[in-house]
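**Q** Quick one: the structure is below, and I'll ask about it shortly.
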Amino acid sequence: MSDVLLGIGMVLVIEGLVYALAPSLVERLLETLRAMPVEARRTFGLGAIALGLVFLWGAQRFH
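So this note's numbering is basically just the index in the sequence shown, starting at one, shifted up by 52.
Written out as structure tokens, the structure is:
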């Protein structure tokens, strides 16, 4: 459970930094996402999941 909390905390810190340091970049990113077709957003999301799993696997493997 502590690993889950650590992961969620890290995500919140990184997202908070993005919103605090580059709020206009977030707005442009959201506009770009709105302009993308739903299928492209879904593919992007699945790619992000796959990359995240590779990172987690690598962290576990080389720990």
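Glycine is no exception: its CB is placed at the ideal position from the N, C-alpha and C atoms. As the structure is a prediction and not an experimental result, all values here were calculated from the model.
Tell me which same chain residues have a C-beta within less than 6 Å of the C-beta of I60, skipping the five on either side of it?
**A** On the sequence shown, residue 60 is found 8 positions in, with the first residue counted as 1. Cβ neighbours of I60 beyond the five flanking positions: none.
**Q** Return the CA-CA distance between V56 and V63, expressed in angstroms with no decimal places.
**A** Working through the sequence shown from its first residue, we reach residue 56 at position 4. Working through the sequence shown from its first residue, we reach residue 63 at position 11. V56 and V63: Cα-Cα distance of roughly 11 Å.
**Q** Do the CB positions of R94 and L85 come within less than 8 Å of each other?
**A** Your numbering for residue 94 matches position 42 in the sequence shown. Your numbering for residue 85 matches position 33 in the sequence shown. Not in contact: R94 and L85 (Cβ atoms no closer than 8 Å).
**Q** Looking at the structure shown, is M53 part of a helix, part of a strand, or coil, going by DSSP?
**A** What you label residue 53 is simply residue 1 of the sequence shown in a count that begins at 1. If DSSP states are grouped into helix, strand and coil, M53 belongs with coil.
**Q** In the DSSP assignment, the alpha helix (DSSP H) including P75 goes from what residue to what residue?
**A** The residue given as residue 75 occupies position 23 in the sequence shown. Element bounds for P75: P75 to A87.
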